[in-house]
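Here's the structure, in structure tokens; my notes come after.
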Amino acid sequence: MRPRPPINGRGIFSGTGIIITGLTATLLAMIFPIWSYEDRSGTGLDVLNAETVPTGYGPLSGLDREFLTKVRLAGLWELPAGRQAQQKGTTEAVRTAGQHLVEGHMFLDERVRDVAAKLRMELPNEPTEQQREWLATLDSAQGVEYERQFANILRLAHGKVFSVVAQVRASTRNSLVRKLADDANSTVLDHITVLEATGYVDFDAVARDMVADSTPPLTPPPAPPGPAVDPAPAVPVSPPPSPTYSLPPAATSPRPKDAAGF
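Below is the structure:
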């Protein structure tokens with residue numbers, strides 16, 4: 117039997133040092149992920165702060181600016197679409213939906229242009245390529261096919277905007293944007309309601325579209341505000357009026373006004 121080596125101070129301290137080193141390494145491994153996460157850039161708060169600029173009406177975030185841009189873009193193509201529906205619609209429900217689109221977006225376009233001017237933010241003056249394609253699709257369709265395309269294209273588009281309005285209303289710190297979100301919420305909900313009242317909306321398609329939510333943004337994130345030029349009224353790419361259908365008779369009972377006053 118081999119004799120056991122003598123226990124001396126050097127051996128005790130050597131073993132203790134190994135244990136301390138191991139514990140220290142373990143502690144550092146636990147702390148480092150927390151430190152690296154809190155310090156790293158790209159978190160939601162970092163992005164919000166990086167894209168937010170101060171204004172006299174409260175901070176203006178990147179989401180706020182995207183919202184203003186989307187409201188303006190909506191008017192640039194939905195106003196012509198509404199006017200067209202008043203001419204090409206073969207049912208009173210479709211013509212009424214077109215009237216609501218015209219009235220609602222004339223109101224919102226005036227509001228968003230006023231807000232953008234006060235915030236010194238530039239707005240687009242032309243619809244996007246996708247919006248022009250939607251208008252072209254509506255322009256080439258006739259009869260029942262037109263009404264089906266009109267109801268579904270506009271309903272899907274309003275569903276996308278509606279979710280943005282809700283997010284902005286819940287998170288904005290800018291008083292002008294907050295009030296505009298209130299107006300947009302009432303207007304968009306009214307438009308969704310009258311589009312669904314046409315009887316042509318495919319709710320299965322709407323549900324699939326909202327769940328997938330894979331459509332990329334129509335525009336890149338807007339730049340921070342700078343010297344602004346007041347945009348022209350939202351009247352571009354108006355489809356040619358159709359002489360086939362006459363305007364509907366006056367409604368027997370006025371429709372209820374929404375919170376926006378129309």
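Those letters in the sequence shown? Residues 117 to 378, by this note's numbering.
We treat Cβ as the ideally placed atom computed from N, Cα and C, and that holds for glycine.
Original post:
Considering only the beta carbon of each residue, do Q265 and A273 sit closer than 8 Å?
Top reply: no
Original post:
What first and last residue would you give for the alpha helix (DSSP H) that runs through E226?
Top reply: 208–234
Subject >> CB of V210 within 8 Å of CB of E263, strictly >> reply: yes
Subject >> Local conformation of V187 per DSSP, three classes >> reply: helix
Subject >> Whole-angstrom distance between R324 and I269, CA atom to CA atom >> reply: 14 Å
Original post:
Residues bridged to L176 by DSSP?
Top reply: V169
Original post:
Three-state secondary structure (DSSP) at E261?
Top reply: helix
**OP:** Would you identify the three-state DSSP class for L195, choosing helix, strand or coil?
**Re:** helix
Subject >> Nearest-angstrom Cβ-Cβ length linking R271 and L311, presumed shorter than 8 Å >> reply: 5 Å
**OP:** Would you kindly work out how many angstroms separate the C-alpha atoms of G275 and G259, rounded to a whole number?
**Re:** 24 Å
Original post:
If we ignore side chains and look at the alpha-carbon of each, how far apart do P196 and D225 end up?
Top reply: 13 Å
Subject >> Spatial neighbours of E154 in its chain, beta-carbon cut-off 7 Å, leaving aside the 5 residues before and after >> reply: Model confidence at E154 stands at a pLDDT of 41, short of 50, so the residue's coordinates are unreliable; what they give is reported in the following sentence. Excluding sequence neighbours, E154 sits near nothing in its chain.
Subject >> Residues near V280 in its chain [Cβ-Cβ closer than 7 Å; skip 5 each side] >> reply: F183, K186
Subject >> Nearest-angstrom Cα separation, counted from T314 out to P332 >> reply: With a pLDDT of 48 at P332, under the threshold of 50, the modelled position of that residue is not reliable, and no figure is offered here.
**OP:** Report the residue from T171, G198, A300 whose alpha carbon sits nearest the alpha carbon of V277.
**Re:** A300
**OP:** Would you mind stating whether E194 and H221 have Cβ atoms separated by less than 8 Å?
**Re:** yes
Subject >> L235 vs L296 beta-carbon contact at 8 Å >> reply: no
**OP:** With a threshold of 16 other CB atoms inside 10 Å of the CB of E238, please say whether the residue is buried or exposed.
**Re:** buried
Original post:
Given P356, which residues of its chain have a CB within under 8 Å of its CB, disregarding the five upstream and five downstream residues?
Top reply: Its pLDDT being 48, under 50, P356 is placed unreliably by the model, and nothing is read from it.
**OP:** Could you name the residues of the same chain whose beta carbon sits closer than 7 Å to that of R227, not counting the 5 residues immediately before and after it, in chain order?
**Re:** L296, D299
Original post:
Considering only the beta carbon of each residue, do G205 and G198 sit closer than 8 Å?
Top reply: no
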